[in-house]
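One structure below.
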Amino acid sequence: MSAQTESTIMSRDKIIESANVDFHNTSMPRLIPVLQVPPTEEKDLSLPRAPARFEYNFSLFPDTPDYKFGIFKIKMADTPMLTQTQVLDSNTDISGSMSDCCKDGKTKMQHAKHTLKNIVTAIAKSEGSSVAMATYGFDDKVEEIFQDTKITQENAEYLRNKLDQLEPRNGTDIYKPLEMQAKRAAARQAVNPSLRQTNITMTDGQANQGNTSYTDMAKQVAPNCTNIFIGFGGDHNAVGLQELADTQPNGSYFYVAEIEKAGLVFGEVIHQMLYTALTNVTISTENAEIYNYKTNEWSTSIQVPSIVSEATKTYHLRATDPMRVFVRISAQSAVHGEEEPTLLNLEDVIIRNNPEESVDLSIYMLRQHTQELTFKAHQHSLKLINDPKLSYAPETRAAYYETQKSIRKELTDYLKFMKQFAKEQNLEEDELLATLIDDIVIILQTFGGHKAVMYSSVRTSSQGRQTSNNVGYVAPEDMVVGAPYIQRKNGLRRQNARSGLEEEDDIFDASLLAPPTLMRALTRTHTTPRQMTIMRECSQGSAVTELDEEEPSNVQSIPFPTIGEDIESETGSSF
Numbered sequence: 001m002s003a004q005t006e007s008t009i010m011s012r013d014k015i016i017e018s019a020n021v022d023f024h025n026t027s028m029p030r031l032i033p034v035l036q037v038p039p040t041e042e043k044d045l046s047l048p049r050a051p052a053r054f055e056y057n058f059s060l061f062p063d064t065p066d067y068k069f070g071i072f073k074i075k076m077a078d079t080p081m082l083t084q085t086q087v088l089d090s091n092t093d094i095s096g097s098m099s100d101c102c103k104d105g106k107t108k109m110q111h112a113k114h115t116l117k118n119i120v121t122a123i124a125k126s127e128g129s130s131v132a133m134a135t136y137g138f139d140d141k142v143e144e145i146f147q148d149t150k151i152t153q154e155n156a157e158y159l160r161n162k163l164d165q166l167e168p169r170n171g172t173d174i175y176k177p178l179e180m181q182a183k184r185a186a187a188r189q190a191v192n193p194s195l196r197q198t199n200i201t202m203t204d205g206q207a208n209q210g211n212t213s214y215t216d217m218a219k220q221v222a223p224n225c226t227n228i229f230i231g232f233g234g235d236h237n238a239v240g241l242q243e244l245a246d247t248q249p250n251g252s253y254f255y256v257a258e259i260e261k262a263g264l265v266f267g268e269v270i271h272q273m274l275y276t277a278l279t280n281v282t283i284s285t286e287n288a289e290i291y292n293y294k295t296n297e298w299s300t301s302i303q304v305p306s307i308v309s310e311a312t313k314t315y316h317l318r319a320t321d322p323m324r325v326f327v328r329i330s331a332q333s334a335v336h337g338e339e340e341p342t343l344l345n346l347e348d349v350i351i352r353n354n355p356e357e358s359v360d361l362s363i364y365m366l367r368q369h370t371q372e373l374t375f376k377a378h379q380h381s382l383k384l385i386n387d388p389k390l391s392y393a394p395e396t397r398a399a400y401y402e403t404q405k406s407i408r409k410e411l412t413d414y415l416k417f418m419k420q421f422a423k424e425q426n427l428e429e430d431e432l433l434a435t436l437i438d439d440i441v442i443i444l445q446t447f448g449g450h451k452a453v454m455y456s457s458v459r460t461s462s463q464g465r466q467t468s469n470n471v472g473y474v475a476p477e478d479m480v481v482g483a484p485y486i487q488r489k490n491g492l493r494r495q496n497a498r499s500g501l502e503e504e505d506d507i508f509d510a511s512l513l514a515p516p517t518l519m520r521a522l523t524r525t526h527t528t529p530r531q532m533t534i535m536r537e538c539s540q541g542s543a544v545t546e547l548d549e550e551e552p553s554n555v556q557s558i559p560f561p562t563i564g565e566d567i568e569s570e571t572g573s574s575f
């Protein structure tokens, strides 16, 4: 076992600073009831009728009411920077589309190179780090920019200049660079089996050269590495990149809507490289179940690839007898260079709430239901990607659109409930609740559209993994906002049985979600101070502005219908 020198100042059992097991024991989240006006004998029919009171029956476990909802929250200590040698291997798309200009007049390629240069600078400034970097560009061929080179203050300028060799050229072959990257990773591992390797592949488009099957590409993703896939702009294959990320346990997919803000993602990745505290984490429960956002299932254990220094992570529990619940963590300490996971001693750090104390976990209960609904919406959108005929085959079309309409109504009802709940409970400034509302807003804005999977994938994954970066900007052309005046690019239409004419399926009131809404791409509750510093070093322009802002300067409020307002323009029904 190769442990770094700094590990001597921190024992293994001090890596987790605190751990809490709490169960909700107050009332369920609900809206404030309104007293009904007593009926009168005479009714003035000329007076306008007051809108019906919006009601929402919130229940997490309607089929198993004996379950109690709880959380397991851990706070990581400020662990030292990792000084073991590790490798950052990057594949950068240099296809012709990388010459396209962004809003600031610079090309995608210019932004990509600038971000990579900032990464070199940030690592060079990290005194004590030992990171070797390898950089390759790919279009229909793979071009070596430089091989494994340890980044130092002395060679940083040389490496930055080498990155200028990245220039946009031809088509996009993603299979070949992944194949070559995996071979490089295997060769390194043969020499040093415990070497930490992070592979990054960034692209702005679809694979259109070589082997274009993402299923085949997934077989080339390097095992025993951290594999990061970054999609620039809205033209990349989100489903394909997510498939590549899911191939290995420690994989992640990020969507960068505005390439000018790519430094925020790379800052998070570099921070993870330098300040990972635990890897190969298993959280197991006794007399309880823990929620797995990836499968939308409850089980007795979940796997977490890694947890970084200073992070606070919250996992959801359910149990019938909270007093009998036990939680255990098995992991490898990256700080101590461990090669096998073992149990962590939580006896001195774990805290349980007194059953007689009031514990209100309402916001976490809302988070749980948000994750369930966003998973449901994402899976529905995926069905069409995997089987396009669902939208037009006579035997499946009606059922598909009926399900879509039902899910949209579930999302809309829940969004109305959360916004009203936030207002009544004075929680409109709560960042976690605001993030949950943003999750539903963005999925509703795009649900049923040609980019629905891309947005739901990112929002669902970010909420589940509790990462800093998220997608906060929805391009106007990706929105589905009252389809009579926006033609959906995937041609999702149905035929009106009465008239024989095709029409959009689930028309809804466009005033519910007003485009364009610009939200933060950064979730501050999941961003540590040191992480923010590294993000700033990797960023430029508007990304730095976002890091410095207390509140986004150009955030527009989301118009929302008054309680009782009709939103089903097709049927005239109201809530």
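In UniProt numbering, the protein residues as written are 1 to 575. In this text, a Cβ means the ideal position worked out from N, Cα and C, and glycines have one as well. Here the structure is a predicted model, which is why all the values come from computation and not from measurement.
Beta strand (DSSP E) containing residue i: first to last residue?
i	result
GLU297	297-299
VAL131	131-138
VAL142	142-150
MET202	196-203
LEU278	276-286
ARG352	350-352
ILE290	289-292
Which of helix, strand or coil does DSSP assign to residue i?
i	result
ASN161	helix
VAL87	strand
LYS14	helix
ARG494	Reliability of the predicted coordinates at ARG494 is poor, the pLDDT of 38 falling under 50, and no value is obtained from them.
HIS380	helix
ALA398	helix
PHE326	strand
THR79	coil
ARG188	helix
GLY231	strand
LYS313	strand
VAL62	In the sequence as presented, Val is not what sits at residue 62; that position holds Pro. Here PRO62 sits in coil by DSSP.
ALA19	strand
ASP321	coil
GLY337	coil
LEU518	Low confidence applies to LEU518: its pLDDT is 40, below 50, so where it sits in the model is not reliable enough to give any reading.
PHE266	helix
Are the beta-carbon atoms of residue i and residue j separated by less than 8 Å?
i	j	result
THR320	LYS68	yes
ASN280	PRO341	yes
MET109	LEU166	yes
LYS419	ILE407	no
HIS316	GLN368	yes
GLY205	ASP93	yes
PHE72	PRO322	no
CYS101	HIS111	no
LEU344	ILE145	no
VAL120	ARG160	yes
ALA122	GLU410	no
Just to confirm the assignment, what range does the alpha helix (DSSP H) spanning residue i have?
i	result
TYR473	No alpha helix (DSSP H) contains TYR473, which DSSP labels as neither H nor E.
LYS108	108-125
ILE442	431-446
SER457	452-465
PHE254	Unbroken run through PHE254 is the beta strand (DSSP E), 251-256; no alpha helix (DSSP H).
TYR392	Neither: TYR392 is in no alpha helix (DSSP H) and is coded neither H nor E.
ILE534	529-538
GLU243	238-246
Buried or exposed for residue i, please, with buried defined as at least 16 other CB atoms from any protein chain shown within 10 angstroms of its CB.
i	result
SER539	buried
ALA399	exposed
GLU431	exposed
MET28	exposed
PHE421	buried
GLN197	buried
LYS389	exposed
ASP139	buried
ASN287	exposed
ILE329	buried
ASP13	exposed
ALA393	exposed
SER11	exposed
Kindly examine the ligand ADP and report whether one of its heavy atoms sits closer than 7 Å to the Cβ of residue i.
i	result
PHE447	Judged by which ligands are present, the structure shown has none, so any question about the ligand ADP falls away.
Would you call the stretch 414-428 and the stretch 262-282 in contact, with 3 or more CB pairs under 8 Å?
-> No, the stretch 414-428 does not touch the stretch 262-282.
Would the stretch 57-64 and the stretch 165-178 be scored as touching if the rule is three or more Cβ pairs under 8 Å?
-> Judged by pairs of C-beta atoms under 8 Å, the stretch 57-64 does not touch the stretch 165-178, as fewer than three such pairs exist.
Three or more C-beta pairs closer than 8 Å, one from the stretch 448-455 and one from the stretch 360-369: is that the case here?
-> As far as the Cβ criterion goes, the stretch 448-455 does not touch the stretch 360-369, which means the pair count is below three.
Hey, is the stretch 86-102 in contact with the stretch 132-141, meaning 3+ C-beta pairs nearer than 8 Å?
-> Cβ pair count under 8 Å is three or more, so yes.
Can at least three beta-carbon pairs, one atom from the stretch 191-198 and one from the stretch 230-238, be found at a separation below 8 Å?
-> Counting Cβ pairs under 8 Å, fewer than three are found: no touch.
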